[in-house]
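Data block below; observations after.
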Ligand code: GLA
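In the working numbering, the protein residues as written are 215 to 563.
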């Protein structure tokens, strides 16, 4: 089902698509492929929207810190907004100090209008989202044809499949930037949520949040989530990495590495409601961001303001700055190849 959500300044109509299956309900915008609402039941069957967002298009256009959006062409940062591929240096749109963040500037995939087509496949329902990014857009080489599939399965899982092809060698790293609060959007801090991540190492960063290049063990650091623990447990320790990011904003090196099929990598649980999110992915990395830049200036559909730590993001991805880090798994895509990535979100209570 589709309805008009609003219009961009140039008159372009933005639609909101509604899907429901297996006990999960979601709403998706053609703008940015944004998941503007995802409703799941708690242990008593009460539904809540567990994703931060806005109730109007104007806030999404002018103020959104990537709420619910698709991220491309490159999730997270590319240092100094440049990289060299096959001997040629490409300069990207710089939008985060001297770095390029989440595809850069005005035409990141979170800010483009996607072509959306609904589908039903056996017991599953979903949306195909298409976008073609022209050669040179935001500085990236190659015409990148992207197809993202959002599926709501009969079990209420939300599955995201990404595909992309190019006509020139380029780099690609697509992800989704949902801000989770399993107690419900606008209900306060996520510091009591419990998180487990199947990773023994993470990638420490410099003060600009660019990886230094050497993965470090999580053992004996606040970054150890190998056993489930409350997110707030070590968040205020005076660890240099926490100071750089004002909390957690780091990439975990998933123990399973790149996998041909999605494998379980993380579980997030809100003990108060019982709502639980399990994530599986084909990707080698997970960016866990503890909502550090939410500063009480944005108001959600609940009518409540969002403060620091009122949500967290779990972005499956290749590692930040890979185009400049020869030791990281490659993000290069060449003509004739197809970029593929899958992440599955399963909900229980
Ligand atoms: C990512 C980045 C963060 C921040 C958020 C959005 O998680 O790593 O630094 O930009 O997106 O604000």
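Note that CB positions come from ideal geometry on N, CA and C, so glycine has one too.
Check, Outcome
"Tell me whether residue 164, by its Cβ, gets closer than 7 Å to a heavy atom of the ligand GLA.", "The chain is shown from 215 up to 563; residue 164 falls before or after that span and cannot be answered."
"In chain order, which beta strand (DSSP E) runs of at least 3 residues are fully inside the segment 395 to 472?", "408 to 411, 415 to 417 and 463 to 467"
"When you compare the CB positions of residue 483 and residue 559, do they come within less than 8 Å of one another, or not?", "no"
"Assign residue 309 to one of three DSSP states: helix, strand, or coil.", "coil"
"Look up residue 492 in the DSSP assignment and give the residues it is bridged to.", "481 and 560"
"Looking at the ligand GLA, does it come within less than 7 Å of residue 524, judged from the CB to the closest heavy atom?", "no"
"Could you give the C-beta distance for residue 376 and residue 487, rounded to a whole number, given that I count them as a contact under 8 Å?", "Wrong, their Cβ atoms sit about 30 Å apart, outside the cutoff."
"Pull up the distance between the alpha-carbon of residue 164 and that of residue 242, whole angstroms please.", "Outside the displayed range of the chain (215 to 563) lies residue 164, so it cannot be described from this structure."
"Would you kindly check if the distance between the Cβ of residue 222 and the Cβ of residue 341 is under 8 Å?", "no"
"When DSSP builds the beta bridges, which residues end up paired with residue 344?", "329 and 361"
"Taking C-alpha atoms, which residue in 357, 372 and 356 lies nearest to residue 363?", "372"
"Note down the Cα distance separating residue 472 from residue 497, rounded to an integer number of angstroms.", "5 Å"
"Figure out for me which residue from 307, 257, 328 and 454 has the closest Cα to the Cα of residue 247.", "328"
"State the Cα-Cα distance for the pair residue 541 and residue 466, rounded to the nearest angstrom.", "15 Å"
"Confirm the yes/no value for this check: CB of residue 377, any heavy atom of the ligand GLA, distance under 7 Å.", "no"
"My understanding is that residue 424 touches residue 534, with C-beta atoms under 8 Å, so please give their C-beta distance in whole angstroms.", "7 Å"
"So, under 8 Å CB-CB, residue 309 and residue 536 are touching, yes? Tell me the CB distance rounded to an integer number of Å.", "Between residue 536 and residue 309 the Cβ distance is about 18 Å, and since that is not below 8 Å, they are no contact."
"Going by beta-carbon coordinates alone, are residue 460 and residue 395 separated by less than 8 Å?", "no"
"For the putative contact between residue 267 and residue 282, defined by C-beta atoms under 8 Å, what is the C-beta separation to the nearest angstrom?", "6 Å"
"Grab me the residues of residue 563's own chain with a C-beta within less than 7 Å of its C-beta, minus the 5 sequence neighbours each way, in chain order.", "255, 256, 257, 488, 489 and 490"
"Would you mind reading off the limits of the beta strand (DSSP E) that contains residue 378?", "372 to 380"
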